[in-house]
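Numbered by numbering that gives the first Met the number 0, the letters in the sequence shown go through residues 0 to 372 in order.
All residues carry an ideal CB built from backbone N, CA and C; glycine is no exception.
Predicted, not measured: the structure shown is a model, and the values here were computed from it.
The structure appears below as structure tokens.
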Amino acid sequence: MKIAVLKERAPGETRVAATPETIKKFAGLGNDLAVESGAGVAAAISDAAFAEAGASVASAAEVVKDADIVLAIQAPDVALLKGAKPGAMVAALFDPFQKGDVVEAYAKAGLEALSMEFMPRITRAQGMDVLSSQSNLSGYKAVLAAADTYGRAFPMMMTAAGTVQAAKCFVMGVGVAGLQAIATARRLGAQVSATDVRSATKEQIESLGAKAIFVEDVEGIEGEGSGGYATEMSDEYKAAQAKLVSEHIAKQDIVITTALIPGRAAPVLITDAQIATMKPGSVIYDLAVAQGGNVEGSVADEVVEKHGVKIIGYSNTPATLPADASALFARNHFTMFQAFWDKEAGKPEFDEEIGDAIRLTKGGEVVNERLKG
């Protein structure tokens, strides 16, 4: 089969969907690889490196021509895929709930769209989970960006001139990004605390050496949701949580928010009134800013100062670490295809559990159950 890798065209996107490592691995399965010239430049991968790994390097049109599979970070415009084989698979991030027009365009074009963000969060799919691999880097970068913006040191420092107190860092939302944020802030020497609506995360927080901040004796979320995500909280829990957070947040120097609910706008965790209680010079990093934001007044890719507190957040945090983000994303791609590669047929044959979960379109129709109704 011919596998094509295109240069990303979304503003600010620096990642690439394949690396020389995965090019060699895909070739080992008997495939021909074609990479658009310049696709890896922003991720510090030269055309020569791709060529040395066994890929042909050419223009977008030549790369896509007769392609059976197209690998991408963000779903390419359908117009770029003209020339690919009928029914060609395109594995990428589609943002299906927000970009229904893109999904419809893929169906109309007769392409098989494979949404990497719909990968089930099950044990055997961990190596295929791009949301986890990219969130891990996001949690790390959020702390570094906050530390860089913060006007003081993170660790306690005892000097001849006196002692510098350790920064207090509060992480809200303890998924993959939140856990990495806790670990990173701890490594930098901060006093770290964290909270989540899911009681199961308390042990994880404490295992990383952070203090767990939880609402006690109040019924929490209505359900933990699939894949470990949180769902909506009860009104009683929301009120109790808001009170607890308000009391705790006023004492913090750094706050990292990470909460997302699939298919919905990001929940607001920090209000303007709560920001006003924080110390001047404090920093909030909103990892959910691209989905509406966890912080009232946050703006993607801008530093917003309110009540003396700086609020920051990148619209595409993984893209600020392009080399590592690309390497992990590319491995997720390869792991997925390798797991279902039929050597006799020379192509991937997905099973129902994963195939039905990630497949958005096929045969000219939108086929994913999550997008119907």
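If we ignore side chains and look at the alpha-carbon of each, how far apart do E221 and E368 end up?
-> Residue 221 sits at position 222 when you count from the first residue of the sequence shown. Residue 368 sits at position 369 when you count from the first residue of the sequence shown. Summary for E221: the model assigns pLDDT 43, below 50, so the residue's position carries little reliability, and this model does not support an answer.
Quick one: residues in its chain with C-beta nearer than 8 Å to the C-beta of L79, no 5 flanking neighbours on either side, listed in chain order?
-> Reading the sequence shown from its first residue, position 80 is the one you call residue 79. L5, R8, A59 and V63, listed in sequence order.
Segment contact, 8 Å Cβ cut-off, at least three pairs: the region 136-147 with the region 96-108 = no
In the DSSP assignment, what residue or residues form a beta bridge with D341?
-> Numbered from its first residue, the sequence shown carries residue 341 at position 342. K346.
Going by the beta-carbon positions, is the gap between D193 and I204 smaller than 7 Å?
-> Your numbering for residue 193 matches position 194 in the sequence shown. Your numbering for residue 204 matches position 205 in the sequence shown. With the sequence shown as reference, residue 193 is identified as Ala, and Asp is not the correct amino acid for it. Yes, they are a contact pair.
Beta-carbon separation of T360 and A33 under 7 Å?
-> As a working mapping, residue 360 is identified with position 361 in the sequence shown. As a working mapping, residue 33 is identified with position 34 in the sequence shown. Against a cut-off of 7 Å, the Cβ pair of A33 and T360 comes out as no contact.
Would you check if the region 312-322 and the region 9-24 touch, i.e. whether three or more CB-CB distances between them fall below 8 Å?
-> yes
Could you tell me which of M127, Y313 and D323 sits nearest to F339, measuring between CA atoms?
-> On the sequence shown, position 340 is the one that residue 339 refers to. Checked all of M127, Y313 and D323; the closest Cα to F339 is M127.
Go to F25, then tell me how far its alpha helix (DSSP H) extends in each direction, as first and last residue.
-> The count along the sequence shown starts at 1 and reaches residue 25 at position 26. Run containing F25: P19 to G27, per the alpha helix (DSSP H) assignment.
Compare the Cα-Cα distances from A264 to each of A239, G291 and H306 and report the closest residue.
-> Position 265 of the sequence shown, counting from 1, holds the residue named residue 264. Among A239, G291 and H306, the Cα nearest to that of A264 belongs to G291.
Return yes when the Cβ of L259 is within less than 7 Å of the Cβ of A238, no when it is not.
-> Residue mapping note: residue 238 aligns to position 239 of the sequence shown, counting from 1. Residue mapping note: residue 259 aligns to position 260 of the sequence shown, counting from 1. No, the Cβ-Cβ distance between A238 and L259 is not below 7 Å.
Kindly indicate which residue of V101, K278, G345 and A241 has the alpha-carbon position closest to the one of V267.
-> For this step, residue 267 is matched to residue 268 along the sequence shown. The shortest Cα separation from V267 among V101, K278, G345 and A241 belongs to A241.
When the Cα of D323 is compared with those of L207, T18 and V298, which residue comes out closest?
-> Residue numbering aside, residue 323 sits at position 324 when the sequence shown is read from its first letter. Among L207, T18 and V298, the Cα nearest to that of D323 is on T18.
Using CA coordinates, which residue listed in R186, A182, L207 and G174 is at the minimum distance from A196?
-> One-based indexing of the sequence shown puts residue 196 at position 197. A small fix is needed here, since residue 196 is Val in this sequence, not Ala. Of the listed residues, the one whose Cα sits closest to V196 is G174.
Cα-Cα, which of A3, A71 and A87 is closest to E61?
-> The residue labelled residue 61 in the question sits at position 62 within the sequence shown. Looking at the Cα atoms, A3 is the closest of the given residues.
From this set, N30, T21, E35 and A41, which residue's C-alpha is nearest P321's C-alpha?
-> Taking the first residue of the sequence shown as 1, we reach residue 321 at position 322. Per the Cα distances, A41.
Answer with buried or exposed for G39, where buried requires no fewer than 16 other C-beta atoms within 10 angstroms of its C-beta.
-> Locating residue 39 in the sequence shown gives position 40, counting from the first residue. By the 10 Å Cβ count, G39 comes out buried.
DSSP-derived helix/strand/coil call for E103 | Your numbering for residue 103 matches position 104 in the sequence shown. DSSP, read as helix, strand or coil, puts E103 in helix.
Cβ-based neighbour list, D252, same chain, cut-off 6 Å, excluding 5 preceding and 5 following | As a position in the sequence shown, residue 252 is number 253, starting the count at 1. Within the same chain, and ignoring the five residues on either side of D252 in sequence, the residues whose Cβ sits closer than 6 Å to its Cβ are A166, K167 and S281.
So the beta strand (DSSP E) F169 belongs to, where does it begin and stop?
-> Here residue 169 refers to the residue found at position 170 when the sequence shown is read from its first residue. Run containing F169: K167 to M171, per the beta strand (DSSP E) assignment.
Consider the Cβ of E351: report whether some Cβ of chain C lies at a distance smaller than 7 Å.
-> No chain C appears in this structure, which consists of one protein chain only.
Distance CB(I181)-CB(L207) smaller than 7 Å = As a first step, residue 181 must be located in the sequence shown, where it is residue number 182. As a first step, residue 207 must be located in the sequence shown, where it is residue number 208. Yes. Within cutoff.
Are A141 and I255 touching if we call contact CB-CB under 7 Å?
-> Here residue 141 refers to the residue found at position 142 when the sequence shown is read from its first residue. Here residue 255 refers to the residue found at position 256 when the sequence shown is read from its first residue. Going by C-beta atoms, A141 is nearer than 7 Å to I255.
The beta strand (DSSP E) spanning Q190 covers which residue range?
-> Locating residue 190 in the sequence shown gives position 191, counting from the first residue. First-last of the beta strand (DSSP E) with Q190: Q190 to T194.
Could you check if Q397 is buried or exposed, using at least 16 other CB atoms within 10 Å of its CB as the buried criterion?
-> Residue 397 lies beyond the range of the chain shown here (0 to 372); nothing can be said about it.
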